[in-house]
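In this note's numbering, the protein residues as written are 805 to 1271.
In this text, a Cβ means the ideal position worked out from N, Cα and C, and glycines have one as well.
As the structure is a prediction and not an experimental result, all values here were calculated from the model.
Take a look at the structure set out below.
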Ligand code: BGP
């Protein structure tokens, strides 16, 4: 039986917009999602999991079930309703109370400054495509570092990769632009510069605690490893989703290999990047300052060569087999590989987590430590007799924890795992039907019910034996 270290964090993850609800309460400023969900989806962020009011219950449950870490994010627009300028004291008070409650229950808060929810005012001006936001983000970060000394673990951004992809490639996040690869890379780059400047200022001011970044790192494999065109397609997909942001994080520049791939993609798809020497100065100054890397890992993809136009269909309703993903000049995700998927076509492959951790260790040796900051299985839970017999979720988490254990045995420094999600929350582009939580949330009554996975997780957290 595999084990995990004694001081390992067994966490649960959440995000402000997906959990809190109360989108217009106590002076919170709007975010682009408020209107975007109304106009494009069949749900809104109300009531979410009403974490804004129910957090003491969730933290009590966390404690009872052996969860000793929680990922939460600060909603930027609760602190600065317009993204900058006037501050909102009620928002500040809320997070002080939240962090206090976490510590009271022995649940360490890992706090993200930006989890997909740019204030509407800044989003309207181009979000991270507009360089002005870099300074606003850094000011907001500095404000939080100063205001919340009780926070021991800071994360600048959650998933710079999927933000750009979802906003400008897939078009499922606001502003819903499709197939614009130049915007994808520019957004990634500008966010990485904002990250670099924020952590540099954190370190310069000598705050206590640690700071890092959370990247989503899906592993990419060639459908036929003996076919050069499949291997090339895989490399290009990997550059879009992993290599570009990892290079920026740990090398402070893009390697020649990465840039050659980016140039190729843009030569086929059009568009140019605005990459300035001052940006690279900022990236270089920060590349060794990341105390940790958070890896969010849900799936891997098998990629094959493809010669045709870009077409991406998002499977948001959980209708298995309805997604499509092919990019001109890059490749396409093979649907006919013999690996299990969930209803949203996410390929379940724990070995990919091991491979991704070991790749970071090998290619970015200046990483210091890793937390698995999100991993979990989304599905339409059957709520029967006040619980959910979520054996598939238990199996999924078990196999991914085993992959983490293997990576530690093979020399990787991984110090914690946060299941997505602590309690059920709504999913950005898939609604309330796609559940992940250890605790089932009845969204009408807002009551919580432990699922079978919660009891199982508690046992692992207590024994550190993956059984
Ligand atoms: C990550 C996000 C989370 C969460 C999770 C599950 O990308 O950081 O906020 O939503 O994925 O994804 P989904 O909700 O699309 O199933």
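Exercise for the section: Report the three-state DSSP secondary structure of residue 860 (helix, strand or coil). Expected result: In the chain shown, the residue the question calls residue 860 occupies position 56. In the three-state reduction of the DSSP assignment, residue 860 falls in the helix class.
Handout entry: From 1225, 1164 and 917, residue whose alpha carbon lies closest to that of residue 871
Key = Taking the first residue of the chain shown as position 1, residue 871 is located at position 67. Closest by alpha carbon: 1225.
Practice task
Compute the beta-carbon to beta-carbon distance between residue 863 and residue 1252, rounded to the nearest angstrom, for a pair I have assumed lies under 8 Å.
Solution key: As a working note, residue 863 is residue 59 in the chain shown. As a working note, residue 1252 is residue 448 in the chain shown. A Cβ-Cβ separation of about 11 Å leaves residue 863 out of contact with residue 1252 under the 8 Å criterion.
Handout entry: beta strand (DSSP E) runs contained entirely in the region 1138-1217, provided each spans 3 or more residues
Key = The region 1138-1217 contains these whole beta strand (DSSP E) runs: 1174-1178.
Practice task
May I ask whether a heavy atom of the ligand BGP can be found less than 7 Å away from the beta carbon of residue 850?
Solution key: As a position in the chain shown, residue 850 is number 46, starting the count at 1. For the ligand BGP, no non-hydrogen atom lies closer than 7 Å to the CB of residue 850.
Exercise for the section: Give the straight-line distance between the Cα atoms of residue 1036 and residue 1137, rounded to the nearest whole angstrom. Expected result: As a working note, residue 1036 is residue 232 in the chain shown. As a working note, residue 1137 is residue 333 in the chain shown. Cα-Cα distance, rounded: 13 Å.
Exercise for the section: Tell me whether residue 822 counts as near the ligand BGP, meaning its Cβ is closer than 7 Å to at least one heavy atom of that ligand. Expected result: Translated into positions along the chain shown, residue 822 becomes position 18. Yes, Cβ of residue 822 sits closer than 7 Å to a heavy atom of the ligand BGP.
Handout entry: Which of helix, strand or coil DSSP assigns to residue 1229
Key = Working through the chain shown from its first residue, we reach residue 1229 at position 425. Note: residue 1229 maps to coil in three-state DSSP.
Handout entry: Three-way DSSP call (helix, strand, coil) for residue 958 in this model
Key = For the purposes of this step, residue 958 is taken as residue 154 along the chain shown, with counting starting at 1. When DSSP states are grouped into helix, strand and coil, residue 958 belongs to the strand group.
Problem - Burial state of residue 1195 (16 or more Cβ within 10 Å) - result: Locating residue 1195 in the chain shown gives position 391, where the first residue counts as 1. The residue is exposed, with fewer than 16 neighbouring Cβ atoms inside 10 Å.
Practice task
List in chain order the residues whose CB is within less than 6 Å of at least one heavy atom of the ligand BGP.
Solution key: This criterion selects 819, 822, 962, 963, 966, 1020, 1100, 1178, 1182, 1224, 1231, 1232, 1233, 1234 and 1238.
Problem - DSSP three-state assignment for residue 878, whether helix, strand or coil - result: Numbered from 1 along the chain shown, position 74 holds the residue referred to as residue 878. Coil, per DSSP.
Handout entry: Separation of residue 840 from residue 882, as counted between CA atoms
Key = By one-based count along the chain shown, residue 882 stands at place 78. By one-based count along the chain shown, residue 840 stands at place 36. Going by the C-alpha atoms only, they are around 19 Å apart.
Problem - Best match in 1200, 1158 and 1117 for proximity to residue 976 [C-alpha to C-alpha] - result: Here residue 976 corresponds to residue number 172 of the chain shown, with the count starting at 1. Residue 1117 is the option with its Cα nearest to residue 976.
Exercise for the section: Please say whether residue 1177 and residue 1222 have beta carbons closer to each other than 8 Å? Expected result: Within the chain shown, numbered from 1, the residue matching residue 1222 stands at position 418. Within the chain shown, numbered from 1, the residue matching residue 1177 stands at position 373. For residue 1222 and residue 1177, yes; Cβs fall inside 8 Å.
Handout entry: residue 1095 (DSSP reduced to helix, strand or coil)
Key = Here residue 1095 is taken as the residue at index 291 of the chain shown, counted from 1. DSSP places residue 1095 in coil when its eight states are reduced to three.
Exercise for the section: Drop a sphere of 10 angstroms on the beta-carbon of residue 1071, count the other beta-carbons inside from all chains shown, and report buried for 16 or more, exposed for fewer. Expected result: Looking up residue 1071 in the chain shown gives position 267. By the 16-neighbour rule on beta-carbons within 10 angstroms, residue 1071 is exposed.
Problem - N- and C-terminal bounds of the beta strand (DSSP E) containing residue 817 - result: Along the chain shown, one-based indexing puts residue 817 at 13. Taken as a continuous stretch (DSSP letters only), the beta strand (DSSP E) holding residue 817 covers 813-817.
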